[in-house]
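Beneath this line is the structure, given in structure tokens, with notes to follow.
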Amino acid sequence: MSPFKGQTGLKRILNASGYSLDGLRAAFVGEAAFRQLVLLNVILIPLSFFLDVSRVEQALLIAVCLLALIVELLNSAVEAAIDRISLERHPLSKNAKDMGSAAQFVALTMIALVWGLVLL
-14 MSPFKGQTGL KRILNASGYS LDGLRAAFVG EAAFRQLVLL NVILIPLSFF LDVSRVEQAL
46 LIAVCLLALI VELLNSAVEA AIDRISLERH PLSKNAKDMG SAAQFVALTM IALVWGLVLL
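Numbering-wise (this note's numbering), the sequence shown opens with residue -14 and increments by one.
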């Protein structure tokens, strides 16, 4: 059993929150793509409040934006884990990184499609 799994209750929640904030900070400082998505979210999410759309449509517009941030965090985590294992080129490492990139491409495409369908 992992020695890091010993906390329970409020202490575990506080620790988990700290780790999450550390992850967000690391992504923002170290990942240009994450900063670009944050900027996109800073523009699109407030914009959604000024559009003449239903609450469900607004929730959908916001959700796809936040989903792209989640996908980028996971993509960055995969890349960091692969790089931690080895910086040498390997077909499996390339596949893992390419699949993470593809997931982000799908998330960005989803933003464009959802915003386009709701607004047009």
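Even glycine gets a Cβ: it sits at the ideal position worked out from N, Cα and C.
Residue i (DSSP reduced to helix, strand or coil)
i, result
"S39", "coil"
"R(-3)", "helix"
"M(-8)", "As written in the sequence, residue -8 is Gln, which differs from the Met given in the question. Q(-8): coil per DSSP, three-state reduction."
"E64", "helix"
"E57", "helix"
"R74", "coil"
"F34", "coil"
"L105", "coil"
Whole-angstrom distance between residue j and residue i, CA atom to CA atom
i, j, result
"I70", "L105", "46 Å"
"V41", "S33", "11 Å"
"L25", "N60", "18 Å"
"T(-7)", "L6", "19 Å"
"G85", "K(-4)", "33 Å"
"E16", "N80", "20 Å"
Residue i vs residue j beta-carbon contact at 8 Å
i, j, result
"A53", "L93", "yes"
"L29", "E57", "no"
"K82", "V63", "yes"
The stretch 47 to 55 contacting the stretch 70 to 83, beta-carbon criterion three pairs below 8 Å: No, because fewer than three Cβ pairs between the stretch 47 to 55 and the stretch 70 to 83 fall closer than 8 Å, the two stretches do not touch.
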